[in-house]
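2 protein chains.
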Amino acid sequence: MRKDSRLSRMLHVLVHLHQLQQAVTSDQLALMLHTNPVVVRRTMSLLREQGYVSAVKGHGGGWTLAKPLHEITLLDIHRSLSESSLFTIGLTDEHNNCPIEKAVNLAIDDVLQEAETLVLQRFGEVTLDKLAAGYIPR
Amino acid sequence: MRKDSRLSRMLHVLVHLHQLQQAVTSDQLALMLHTNPVVVRRTMSLLREQGYVSAVKGHGGGWTLAKPLHEITLLDIHRSLSESSLFTIGLTDEHNNCPIEKAVNLAIDDVLQEAETLVLQRFGEVTLDKLAAGYIPR
DNA sequence: CCTTAAGAAACATCATAAGTTACATAAAAA
DNA sequence: TTTTTATGTAACTTATGATGTTTCTTAAGG
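Order-wise, the sequence lines are chains A and B. Residue numbering for the first sequence follows numbering that gives the first Met the number 0, starting at 0 and increasing by one per position. Residue numbering for the second sequence follows numbering that gives the first Met the number 0, starting at 0 and increasing by one per position.
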């Protein structure tokens, strides 16, 4: 299944922005991420809309952090990037009146909800300054 | 992100197989799932390889349960269907010597591992006879 | 031998993150 | 003012893997 690596990429970018302490262009970030500047703008613009970075056009322009790392969590970035489900598992909804399908979906969804809650909570506990310092696993 | 609905579909099929108590053809299952008999064979054959169902060719043939529902868990079926990750989030591995990328991946993976462990454990606790009886959420 | 069914190979479809092209817009420098 | 540098954005292409389809083979009962 295709993976969404935007969270990983953007976290990487944000910590680098913090360390460089100056505006970095989309072209520079694209080189860093082995990708395209338009992909960088597209993804970074989601973070700009939520106030985590700002962009300046023209000479000397580029991207800078709009908040200190310790005020940004993994959850903040995750939420900025995606409204879609965390899981590759999907439910079917083709038999509105079938009690078996209902029970199956309930059982799967029950577990996935619990796991999603856990992931979001953990993501909310990790601020980006912890990544800059070299993350220590639990 | 495209979802994998095979788990949901196969659980649905297995509980129906139990209730019908007779061989059901791929064509019948395809009608039930609003899909194609070849898709049914392809997916069911993964369960056959693990000994959860058996298939008989020819007249009166079709698919039957090879184990009682109470001896099959959601985890069994999930494992039979997929070796790939549960999550739509992927990590990047483009900068072998970048400590920031390492820290980012470690932080994300740490959380996802914990969540995956939880999901697999919960899936292992749910036997299919509970679905047949009408699943009651935790 | 005919019919019914699974097994299997080869190919098409679909959705979406990622990648690309092209052009508009804004700001600083020449 | 003109040029250069940068983001903003629309439109399109590509890659990937579950899903869907076609076609043929194999096996079993009648």
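C-beta: ideal position from N, C-alpha, C; glycine also.
Asked: In whole angstroms, what separates the C-alpha of Asp-75 (chain A) from that of Arg-121 (chain A)?; Found: 12 Å
Asked: Taking Asn-104 (chain A) as the query, report the chain B residues whose CB atoms sit under 7 Å from its CB, ordered along the chain.; Found: Ser-7
Asked: For chain B, check one thing: does any of its Cβ atoms lie closer than 8 Å to the Cβ of Pro-98 (chain A)?; Found: yes
Asked: Which residues in the same chain as Ser-25 (chain B) place their Cβ atom closer than 6 Å to its Cβ, once the five residues preceding and following it in sequence are excluded?; Found: Pro-36, Val-39, Arg-40
Asked: For chain A, check one thing: does any of its Cβ atoms lie closer than 8 Å to the Cβ of Leu-110 (chain B)?; Found: In the sequence as displayed, the identity of residue 110 (chain B) is Val instead of Leu. Chain A, which has a Cβ nearer than 8 Å to the Cβ of Val-110 (chain B), makes this yes.
Asked: Nearest by alpha-carbon distance to Leu-30 (chain A): which of A:Arg-47, A:Leu-45, A:Arg-8 is it?; Found: A:Arg-8
Asked: Take Ser-83 (chain A) as the anchor and find which of A:Glu-100, A:Leu-68, A:Glu-115, A:Gly-57 has the nearest alpha-carbon.; Found: A:Glu-115
Asked: Does the beta-carbon distance from Gly-61 (chain B) to Val-55 (chain B) come in below 8 Å?; Found: yes
Asked: Could you pull the DSSP bridge partners for Gly-123 (chain A) from this structure?; Found: Answer by DSSP bridge pairing: none, since Gly-123 (chain A) is not bridged.
Asked: Using only alpha-carbon positions, find the residue among B:Ala-131, B:Phe-86, B:Glu-113, B:Ala-22 that is nearest to Asn-104 (chain A).; Found: B:Ala-131
Asked: For Ile-135 (chain B), count neighbouring Cβ atoms within 10 angstroms of its own Cβ and tell me buried if that reaches 16, exposed if not.; Found: exposed
Asked: Quick one: Cα of Arg-78 (chain A) to Cα of Gln-18 (chain A), how far?; Found: 23 Å
Asked: Just how far apart, CA to CA, sit Gly-50 (chain A) and Leu-6 (chain A)?; Found: 16 Å
Asked: DSSP three-state call for Ser-81 (chain B): helix, strand or coil?; Found: coil
Asked: Cβ closer than 8 Å: which chain B residues qualify as neighbours of Leu-45 (chain A)?; Found: Chain B residues near Leu-45 (chain A): none, gap ~15 Å exceeds 8 Å.
Asked: Quick one: residues in its chain with C-beta nearer than 8 Å to the C-beta of Ser-81 (chain A), no 5 flanking neighbours on either side, listed in chain order?; Found: Asp-3, Arg-5, Leu-6
Asked: 8 Å is my cut-off, CB to CB: does Lys-2 (chain B) come that close to chain A?; Found: yes
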